Structures are given as C-alpha cells and as structure tokens.
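The end of the sequence shown is residue 310 by our numbering, with every number in the run present.
Shown next, in structure tokens, is the structure this report addresses.
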Amino acid sequence: MTTAGETAALDACCFIVAGHHFAVESGCVEEILRGGRPTRVPLAPPEVSGVLHLRGRIVPVIDMRRRLRLTADGAAAIHVIIRAGDEWYDLLVDDVLGVQSFPRGRIEEPGGDGLHDPRVGVVADDGHLVHLLDPQRIVQPLFRQRTSPVITHGASHVGSVA
Numbered sequence: 149m150t151t152a153g154e155t156a157a158l159d160a161c162c163f164i165v166a167g168h169h170f171a172v173e174s175g176c177v178e179e180i181l182r183g184g185r186p187t188r189v190p191l192a193p194p195e196v197s198g199v200l201h202l203r204g205r206i207v208p209v210i211d212m213r214r215r216l217r218l219t220a221d222g223a224a225a226i227h228v229i230i231r232a233g234d235e236w237y238d239l240l241v242d243d244v245l246g247v248q249s250f251p252r253g254r255i256e257e258p259g260g261d262g263l264h265d266p267r268v269g270v271v272a273d274d275g276h277l278v279h280l281l282d283p284q285r286i287v288q289p290l291f292r293q294r295t296s297p298v299i300t301h302g303a304s305h306v307g308s309v310a
C-alpha cells in the first residue's frame, strides 16, 4: 500500500549549471531574469558575484558554478530569484529548463558531506540525474553572521567596526 507522501509530486524549477541538472522547489522561485550585471561587493565570499537591485530589494547574486564547485566555459547569464526564509537570493545559472513534477517516491538520498552540500535529493529523469537543492542550504554557509574580532585602529571590537 502506498501513502499519500509517496505518490505526491514535487514541482521543481529545473536548471543547468556546468552541464549538470539541478532543481529547487518551484514554490520558492520568485522569478527568472535574463541578463543584468551584478554590482561587485568588496570582501564578499568568492561564490557571491555581487548584488542586484530588484524592485527595491538588494539581492545577493550567488554564482552556482562556484557554490557547487563546478567549472565550465563561458559566463552564466540567467538569474533564478529564490526565497530562502524572508530573504531573496539570485542563483546565477547557465540555463533554465522549466518546471517539472517528480514523484516523491522516486527521490533518493544524495551522497555528499551533508554539512556544506545543498543537495537534499536526487532523482533519475530522462537519462540524467537531477540534483534537488535546498535554498537554505545554498545560502547558509555564505551568509553566516561574522563573529570573529575586527581590528580597527589598534583596538579590538567584536562584530562591529568603529
């Protein structure tokens, strides 16, 4: 006997990064944009390409090639704007394939270290693997609150600059 959880489908926005297929739950996708150049941010993590100003919001741009430790030629040019918690983030990807439904019963546990790996599932689809990503796990390692001391003018201040 199958349960409702096993037969329910997960609707996911599918995209390509460096030739690999990935997806995030479609409910967290706010919009998809082509083009647009992020404004660089000094001292940002290497995975953060900068920020976009989008309808009154400052949205961090995450280079998914770097975040997923993948390499490819050319520049990624499609922005998948997602919501993680109360914040918006921009995932810079190579191509968007659209929304697809995956039966939850076909989704398997991913391999990986779990701690910094944003993958929460993998599903075989049409001859390739689609890696399902958790928006919180994509952004969490990049935007932790700074807790190390900041040294300014010979004095030590924790978490702030005088």
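Glycine included, every Cβ here is placed at the ideal spot set by N, Cα and C.
Keep in mind it's a predicted model, so treat the numbers as computed, not measured.
- Examine the Cβ distances between the segment 184 to 199 and the segment 242 to 249 and report whether three or more of them are shorter than 8 Å. Fewer than three beta-carbon pairs drawn from the segment 184 to 199 and the segment 242 to 249 are found closer than 8 Å, and the two stretches are therefore not classed as touching.
- Message: For Cys-176, which residues in the same chain have their Cβ closer than 8 Å to its Cβ, ignoring the five residues on either side in sequence?
- Response: Counting from 1 along the sequence shown, the entry for residue 176 is found at position 28. Correct list, in chain order: Ile-230, Arg-231, Ala-232, Pro-283.
- Is Pro-193 helix, strand or coil when you go by DSSP? As a position in the sequence shown, residue 193 is number 45, starting the count at 1. Here Pro-193 sits in coil by DSSP.
- For Asp-159, which of Gly-253, Val-209, Arg-188, Val-172 has the nearest alpha-carbon? Position 11 of the sequence shown, counted from the first residue, corresponds to residue 159. If we check each option's Cα against that of Asp-159, Val-172 comes out closest.
- Give me the Cα-Cα distance between Gly-167 and Ile-180, rounded to the nearest whole angstrom. For the purposes of this step, residue 167 is taken as residue 19 along the sequence shown, with counting starting at 1. For the purposes of this step, residue 180 is taken as residue 32 along the sequence shown, with counting starting at 1. Note on geometry: alpha-carbon atoms of Gly-167 and Ile-180 lie some 19 Å from one another.
- Message: Using 7 Å as the threshold, is the C-beta distance between Gly-269 and Ile-255 below it?
- Response: Here residue 269 is taken as the residue at index 121 of the sequence shown, counted from 1. Here residue 255 is taken as the residue at index 107 of the sequence shown, counted from 1. A distance below 7 Å separates the beta carbons of Gly-269 and Ile-255.
- Task: Answer with buried or exposed for Ile-210, where buried requires no fewer than 16 other C-beta atoms within 10 angstroms of its C-beta.
- Result: In the sequence shown, counting from the first residue as 1, residue 210 sits at position 62. Per the 10 Å Cβ criterion, buried.
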